[in-house]
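Student: Structure incoming, see below.
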Amino acid sequence: MRVRNTECVDTTAGLSYDTNEPVLKNEFEKYGEVLHVRVICDHRSGKSKGYGFVVLDSEEAAATALASMNNQLLEGRHIRVEYAQPNKGLHQNQT
């Protein structure tokens with residue numbers, strides 16, 4: 198889990214390519230205050246890549262959202278929800 202101050206980030210994968218940020222926010226705000234939502238899109242086509250990130254206001258909200266939303270049906274697709282992993286740079290594992 199990646200935590201910045203009191204923020205927790207959940208990764209959501211397996212999204213329908215039609216799922217947008219307002220839909221994702223609406224689903225996750227049932228579990229706590231949503232601070233930020235981002236659906237990742239292809240920079241050329243602008244189409245969704247099928248995953249995104251949701252930043253919640255607390256660890257408790259993130260844990261509840263993960264437990265409740267993982268493997269649930271959203272817009273015709275079973276989504277996967279997990280804690281975001283820290284971003285590792287391209288050269289971080291080189292010795």
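If you read the sequence shown in this note's numbering, its first letter stands for residue 198, the second for the next number, and so on. Glycine residues also receive a C-beta, built at the ideal position from the N, C-alpha and C atoms. Everything numeric in this text was worked out from a predicted model, so none of it was measured.
Specify, as a first and last residue, the run of the beta strand (DSSP E) that residue 299 falls within.
Tutor: Beyond the ends of the chain as shown, which are 198 and 292, falls residue 299; an answer cannot be given.
Student: Pull the bridge partners of residue 280 from the DSSP assignment, please.
Tutor: 207
Student: Looking only at its chain, what residues have a beta carbon closer than 6 Å to the beta carbon of residue 279, apart from the 5 residues adjacent to it on each side?
Tutor: 208
Student: Round the Cβ separation of residue 220 and residue 272 to the nearest angstrom and send it over; I've been treating them as touching at under 8 Å.
Tutor: Yes, they are in contact, since the Cβ atoms of residue 220 and residue 272 sit about 7 Å apart, within 8 Å.
Student: On the three-state DSSP scale, how would you describe residue 222?
Tutor: helix
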